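Step one of this worksheet: look at the structure below.
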Amino acid sequence: TMAHSKALLVLENFIGGKFVPCSSYIDSYNPSTGDVYCRVPDSGKEEVDLAVEAAKAAFPVWSSKSPLERSQILNKLADLIEHDLEDFAQAESKDQGKTITFARTIDIPRAVYNFRFFASSVLHHTTECSEMTAVGCVHYTLRTPVGVAGLISPWNLPLYLLTWKIAPAIACGNTVVAKPSEMTSVTAWMMCKLLEKAGKGCDDSLPFFPSGVPPGVVNVVFGMGSKAGEALVCHPDVPLISFTGSTLTAQRITEKSAPHCKRLSLELGGKNPAIIFNDADLSQCIPTTLRSSFANQGEICLCTSRIFVQRGIYNEFVKRFVAEVKKWKVGNPSDPTVSVGALISKEHLEKVRNYVKKAQAEGARVLCGEGVDSLVLPADNQNGYFMLPTVIAEVKDESKCMQEEIFGPVTCVVAFDTEDEVIERANRVKYGLAATVWSSNVGCVHRVARRLQSGLVWTNCWLIRDLNLPFGGMKASGIGREGAKDSYEFFTEVKTITIKH
Ligand code: NAD
């Protein structure tokens, strides 16, 4: 496959403000064609050590800048990414297989907003103070950056999730070493070019104009999780790891970081229920549940994969839902009329398909999609990793499809009778990330939301986020929360100081 005549895109690590080549590389595929189109550095301990050194060297200056100065630099970076939004969106779509529409309207705008949001948020932090007049003391707290932050991100929302970590980490005065997914490294590399640009050509003589992101504040090391990722997790001078990815990898990271007592934030998988009561407004619920099941090919940790529908509307829901699913077009991600792009890899596509096969073998009924309808693809996409959005009914709660995270365009729909029953069934999985509840009875919504074991509950909507508020999962879906206040707390050390007069 390396004999392709077209020049491959070759990425380089970004260390200490410079692009540095690596001694070996990994092939990266275009999921919509199955072609190798990019080579990603296969970094290991050596590269990670250099990046950590660079981050340590940059820490004293960066951590002592004022929040305002850091804020201005983050805003500048946001402007630079926004200026190149279309290029970033095209690159993200090609690299990940997601539709250009999703990349344009969700991924890249959110990456821009992540920088703007934390640029603003960092200006509003205050710490606590308390007085003890009887003993003549005043106590107060200080928050200081932790040091070099290790940031590890997954392939489903590449730049979106990476910047959700980089922005708060550097806003709080840390320096970082980031390791994006080896399958989706291109937009992180493009961002490094802007970091380099942001560091040049500014007027240093103006007191309030920042000179850009200084070298070493953000370092990006590309490569495999088992090699580059693990070297970062095991590095003694990286006291903090923010990780988004699978529960299995999080267990490994927890073990590997335990000897160093590292601070961990773990954002993991989900098996998210939608609970739809008889009195739900189906005109809102159906299109939203369609999106919550199949947006980004179902490759979002917050995607719905278990739909519980109350008996009274079950048949109507299923009929209308399946009719809508069939309208979603699968195909070339760069076609703006396409709603479902390619899955990330051949292996992942195989894994997702196997879940459907397993369900069928157990006696479940596939209502549409995989194995039932035919998938017609454009000539150029015949070798891409595509599959039709698939709805499975009559699945047992104990079945793998109802228990394990599938992370593809597959959703299960089952009936329920009572509120108590559905809460119990919704909670009977190892995960607890997100849930949606559909009802026009506010009492019901409130009772159910309160009892669900889930870090996020959306009622009568999905994916509407206020970044000020905590994001994260319960149970096997994670440890810790991120958001304005939560990220500030995670990315800083707190100290209590007592002064006696
Ligand atoms: P993954 O765990 O395989 O990989 C995530 C990252 O960890 C990658 O950069 C990978 O290279 C790295 N990694 C792998 N092994 C490592 C190791 N031993 N040490 C250090 N790093 C290692 O996950 P994925 O397949 O890339 O992403 C999909 C998963 O991410 C799904 O489970 C999904 O639910 C989850 N996810 C969660 C959230 C959330 O916010 N809760 C968001 C998006 C995705």
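Every letter in the sequence shown is one number past the one before it in this note's numbering, and letter 65, counting from 1, is 1466.
Just so you know, even glycine gets a beta-carbon here, dropped at the ideal spot from N, CA and C.
These numbers come from a predicted model, not from an experiment.
Classify residue i as helix, strand or coil using the three-state DSSP reduction.
| i | result |
| --- | --- |
| THR1655 | helix |
| ALA1629 | helix |
| TRP1463 | helix |
| ARG1866 | coil |
| MET1533 | strand |
| SER1666 | strand |
| CYS1845 | helix |
| PHE1787 | coil |
| MET1591 | helix |
| THR1527 | coil |
| THR1837 | strand |
| MET1875 | strand |
| GLY1881 | coil |
| PRO1660 | helix |
| THR1690 | helix |
| GLN1854 | coil |
| ASN1716 | helix |
| PRO1569 | helix |
| CYS1813 | strand |
| GLU1894 | strand |
| ILE1509 | helix |
| GLY1646 | coil |
| SER1706 | strand |
| LYS1758 | helix |
| PRO1608 | Interpretation of PRO1608 is limited by its pLDDT of 45, a score under 50 that renders its predicted location unreliable; the figure taken from the coordinates is listed afterwards. PRO1608: coil per DSSP, three-state reduction. |
| GLY1417 | coil |
Excluding the 5 residues preceding and the 5 following residue i in the sequence, name in chain order all residues of the same chain whose CB lies nearer than 6 Å to its CB.
| i | result |
| --- | --- |
| VAL1513 | ALA1479, ILE1482, GLU1483 |
| PHE1420 | GLU1413 |
| GLN1804 | VAL1830 |
| PRO1555 | SER1582, THR1645, GLY1646 |
| ASN1515 | THR1564, TRP1565, ALA1568 |
| ILE1553 | LYS1580, GLY1630, PHE1644 |
| ALA1455 | ILE1416, GLY1417, GLY1617, ASN1620 |
| ALA1520 | SER1472, LEU1475, ASN1476 |
| VAL1823 | ILE1676, PHE1709, PHE1817 |
| ASP1887 | PRO1871 |
| VAL1773 | VAL1767 |
Tell me which residues share the same chain as residue i and place their Cβ nearer than 8 Å to its Cβ, disregarding the 5 neighbours each side in the sequence.
| i | result |
| --- | --- |
| PRO1637 | HIS1661 |
Rounded to whole angstroms, what is the Cα-Cα separation between residue i and residue j?
| i | j | result |
| --- | --- | --- |
| ASN1784 | GLY1435 | 5 Å |
| CYS1423 | GLU1448 | 8 Å |
| CYS1862 | VAL1815 | 20 Å |
| ARG1754 | ARG1692 | 20 Å |
| GLY1617 | SER1582 | 21 Å |
| ALA1835 | ARG1852 | 13 Å |
| LYS1495 | GLY1548 | 35 Å |
| GLU1748 | VAL1577 | 31 Å |
| ARG1721 | LEU1776 | 21 Å |
| LYS1446 | GLY1833 | 34 Å |
| GLU1717 | VAL1453 | 57 Å |
| TRP1839 | GLU1795 | 21 Å |
| THR1528 | VAL1858 | 29 Å |
| ALA1458 | ALA1408 | 36 Å |
| GLN1761 | GLN1652 | 31 Å |
| VAL1895 | LYS1730 | 51 Å |
| GLY1809 | ALA1780 | 23 Å |
| GLU1763 | SER1800 | 8 Å |
| LYS1628 | CYS1845 | 49 Å |
| PRO1640 | ASP1798 | 41 Å |
| MET1584 | LEU1596 | 22 Å |
| GLY1551 | ARG1664 | 10 Å |
| VAL1539 | ALA1632 | 43 Å |
Under 7 Å Cβ to Cβ from residue i, same chain only, skipping five residues before and after it: list those, please.
| i | result |
| --- | --- |
| TYR1812 | Before going on, a small fix: residue 1812 reads as Thr here, not Tyr. For THR1812, where only same-chain residues beyond five positions count, the Cβ hits under 7 Å are SER1694, THR1705, SER1706, ILE1708, VAL1792. |
| PRO1468 | VAL1523, LEU1524 |
| GLY1884 | LEU1868, ASN1869, LEU1870, PRO1871, PHE1872 |
| GLY1713 | ASN1679 |
| ARG1854 | In the sequence under discussion, the amino acid at residue 1854 is Gln, which differs from the Arg named in the question. Correct list, in chain order: ASN1828, GLY1833, MET1875, LYS1876. |
| PRO1734 | SER1433, SER1494, GLY1498, LYS1499, THR1500, ILE1501, GLY1742, ALA1743 |
| LEU1560 | PHE1489, GLU1493, ASP1508, ILE1509, ALA1512, THR1588, ALA1589, MET1592 |
| THR1689 | CYS1862, TRP1863 |
Would you say residue i reaches chain C, if we count a Cβ-Cβ gap shorter than 8 Å as a contact?
| i | result |
| --- | --- |
| SER1740 | Of the chains in the structure shown, none is chain C; there is only one protein chain. |
Item checked: Three-pair Cβ contact test at 8 Å for the segment 1675 to 1684 versus the segment 1700 to 1720 -> yes
Checklist line | Touch test, the segment 1870 to 1877 against the segment 1654 to 1671, Cβ-Cβ under 8 Å, three pairs minimum | finding: yes
Notebook entry, point to check: Are the segment 1460 to 1479 and the segment 1688 to 1703 touching by the rule of at least three beta carbon pairs closer than 8 Å?
Noted result: no
Next item on the list: Decide if the segment 1763 to 1773 is in contact with the segment 1719 to 1733; the criterion is three or more beta carbon pairs, one per stretch, under 8 Å apart.
Entry: yes
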